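The sequence shown: position 150 = 149 (the working numbering), numbered continuously. Glycine is no exception: its CB is placed at the ideal position from the N, C-alpha and C atoms. Note that the structure is predicted; figures quoted are calculated from it, not measured. Worksheet for the structure shown next.
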Amino acid sequence: MTALTHRQSEILNIARASGRVMVEDLVRRFEVSAQTIRKDLNDLCDQRSLTRIHGGAIIASGVANLAYEARRFVAAEEKKAIGAAAAARIPNGCSLFINIGTTTEEVAGALSSHQDLLVITNNLNVAMLLYRHPRIEVVVAGGTVRRADGAVIGSTATSLIGQFKVDYAIIGASAIDEEGALLDFDYREVQASQAIIANARSVMLVADSTKLERNAPVRIAHLSQIQTFVTDRALPPSLQAICDTNGIEVIEACPAKPELDESAA
């Protein structure tokens, strides 16, 4: 393995602290050209320390996820837009599951003005966001609380989820591969997510496009098992084909803006 330069080591430290690095930010920080930064990122990706995303890179994933607080910084604006778009699809007076994840938390935050909801969750952060609202009843799955992120996992949590049959499930995933597999890192968390999918009449996946650049070892489900996919931008052709074949509604929370026609301007 080639030794890292001082700048590359600094870039890697920044990525570990915040979850991602962007070319424009690094150009300003190190006062070098964008081409130089891209070469640094490519070298770090070749060593499997980083994974390239549009405009930058994120910490490479394999068998361990990013720290939860670091994940909050990855695609933060996109997640907020996804949360608002997903919440807009949830009617008043319904029941729903919400699982663990920074994006599902954004959905929960956007549900605060809804009325007469029953929310069952294995995510303590979601419970803290919603329990104060008088028109939202919150049920928290019991079991072991994972210190890293407030997830409630294990057989007790999965068993409680199985006692409900709800209108909607809001789920996240750590990675989505090109064949449509929804993936995560902790098999105990995955068992809870699988129970959520099995006991909901309609399943909504909320995931930003950086999840398409990542990998994880444990299979939650397949894209064909969901009904709605809320993401930030257009899907690659392989995933869009799966959605089209299975009648999955795809909602782009941050659609690309059309280019300005200079002649018209």
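Residue i versus the options, residue with shortest Cα-Cα distance
i	options	result
Gly100	Asp185, Leu11, Gly54	Asp185
Asn12	Ser32, Glu23, Leu40, Gln34	Leu40
Met203	Asn214, Val217, Lys210, Leu222	Leu222
Ser111	Arg131, Asn121, Leu95	Arg131
Asn121	Arg88, Ala85, Leu159, Pro90	Leu159
Asp176	Leu129, Val151, Ser94, Leu234	Leu234
Cys44	Ile58, Ser32, Ala33	Ile58
Gly267	Asp148, Ala197, Glu136, Ala126	Given a span of 0 to 264 for the chain in the structure shown, any question on residue 267 remains unanswerable.
Arg213	Leu3, Arg47, Ala16, Thr35	Arg47
Val229	Pro236, Ile247, Asp243, Ser237	Ile247
Test item: CB-CB of residue i and residue j under 7 Å
i	j	result
Leu191	Val165	Note that residue 191 corresponds to Ala in the displayed sequence, not to Leu. Not closer than 7 Å, so no.
Phe29	Arg6	yes
Val106	Ile169	yes
Gly108	Leu128	yes
Ala172	Ala140	no
Asp231	Ala252	yes
Val26	Gly54	no
Ile195	Asn98	yes
Gln226	Ser208	no
Ala74	Val20	no
Val189	Val151	no
Close-in-space but distant-in-sequence residues of the same chain around residue i (CB under 8 Å, 5 per side omitted)
i	result
Arg134	His113, Gln114, Asp115, Leu116
Ala240	none
Ala63	Residue confidence is low: Ala63 scores 46 on pLDDT, short of 50, so the model does not pin down where it sits. No coordinate-derived value is stated.
Leu238	Ile175, Glu177, Gly179, Leu211, Leu222
Delimiting residues of the alpha helix (DSSP H) encompassing residue i
i	result
Ser17	5-17
Ala240	236-245
Ala233	Careful: Ala233 lies outside any alpha helix (DSSP H) and carries neither H nor E.
Terminal residues of the beta strand (DSSP E) in which residue i lies
i	result
Val151	150-152
Leu222	It is not in any beta strand (DSSP E) - Leu222 carries neither H nor E in the DSSP assignment.
Leu140	The sequence shown places Ala at residue 140, rather than the Leu named in the question. It is not in any beta strand (DSSP E) - Ala140 carries neither H nor E in the DSSP assignment.
Ala126	Segment 123-129 is the alpha helix (DSSP H) holding Ala126; no beta strand (DSSP E) there.
Glu248	248-251
Asp338	Residue 338 is absent from the structure shown; the chain starts at 0 and stops at 264.
Cβ neighbours of residue i in the same chain (closer than 6 Å, five flanking residues each side left out)
i	result
Val138	Ile119
Gly153	Gly142, Thr143, Arg187
Ala83	Ala109
Leu3	none
Contacts around residue i, its chain only, beta-carbon distance under 7 Å, and the 5 residues preceding and following it disregarded
i	result
Glu9	none
Ile89	Leu95, Leu110, His113, Tyr167
Leu33	It is Ala, not Leu, that sits at residue 33 in the sequence shown. So the qualifying residues of the chain are Val22, Val26.
Arg145	Ile152
Original post:
In chain order, which continuous runs of the beta strand (DSSP E) of length 3 or greater are located wholly inside the segment 181-210?
Top reply: Entirely contained in the segment 181-210, the beta strand (DSSP E) runs reaching 3 residues are, in chain order, 199-205.
Original post:
What residue ranges within the segment 28-112 form continuous beta strand (DSSP E) runs of no fewer than 3 residues, ordered along the chain?
Top reply: Taking only runs of at least 3 residues, the beta strand (DSSP E) segments lying wholly in the segment 28-112 are 49-52, 55-58, 94-97.
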